[in-house]
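Residue 200 is where the sequence shown starts when you use the numbering used here, and the numbers rise one by one after that. Here's the structure we're looking at; comments come further down.
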Amino acid sequence: MDPTNKNRFHARLLDAVGQAVIATDPLGKVIYWNRAAQELYGWSAKEVMGRPIVEVTPSEDLAERAEEIMGELSHGRSWMGEFVVQRKDGTTFPALVTDTPVHDEQGNLIAIIGVSTDITQIKQTEELRRGEERFRATFAQAAVGMAHTA
């Protein structure tokens, strides 16, 4: 496969992925933005290319954890965690994010690949489960109390 076709093939592969795949240069400027990222965040690839990722996907959590994340990436390790992230329209959602460093042959950091998934439904399910557990615990305590007074 010639290099041009190979690059197109790789781009199609990344567009087929169901999660948002975003690449930045070492300074945090967007260099790749797949179709799922467009759908999740509301920005087109054209709108975000060359812009700082922190402007495009603002997150208070990210600012607080940037040192931790960059520490892992600078040591060649991936980082995974949850953030509340903002879309273009200003709405927010919880995201599970995995950031992975990309190095050249000399070991220099040349890019960071971020894969993110909206975990809103997972969070809602967890909250429903916790509410149900609280209800069951309260009901069990009430039933014990009723049994003793009967």
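Glycine included, every Cβ here is placed at the ideal spot set by N, Cα and C.
For residue i, the nearest candidate out of the options (CA to CA)
i, options, result
"residue 259", "295, 282 and 267", "282"
"residue 305", "321, 245, 332 and 275", "275"
"residue 234", "224, 212 and 251", "212"
"residue 264", "314, 296 and 201", "296"
"residue 280", "244, 318 and 287", "318"
"residue 217", "288, 208, 206 and 236", "236"
"residue 292", "207, 271, 239 and 278", "239"
"residue 313", "219, 322 and 266", "219"
"residue 284", "322, 202 and 315", "315"
"residue 267", "202, 208, 298 and 308", "298"
Residues sharing a beta bridge with residue i, DSSP
i, result
"residue 293", "283"
"residue 315", "219 and 296"
"residue 232", "221"
Reduced DSSP secondary structure (H/G/I, E/B, other) of residue i
i, result
"residue 202", "helix"
"residue 302", "strand"
"residue 226", "coil"
Whole-angstrom C-beta distance between residue j and residue i, which should lie under 8 Å
i, j, result
"residue 261", "residue 253", "7 Å"
"residue 222", "residue 310", "5 Å"
"residue 251", "residue 227", "5 Å"
"residue 288", "residue 241", "6 Å"
Minimum length 4: unbroken alpha helix (DSSP H) runs contained in the region 246 to 281 | Taken in chain order, the complete alpha helix (DSSP H) segments of 4 residues or longer contained in the region 246 to 281 are 252 to 255 and 259 to 273.
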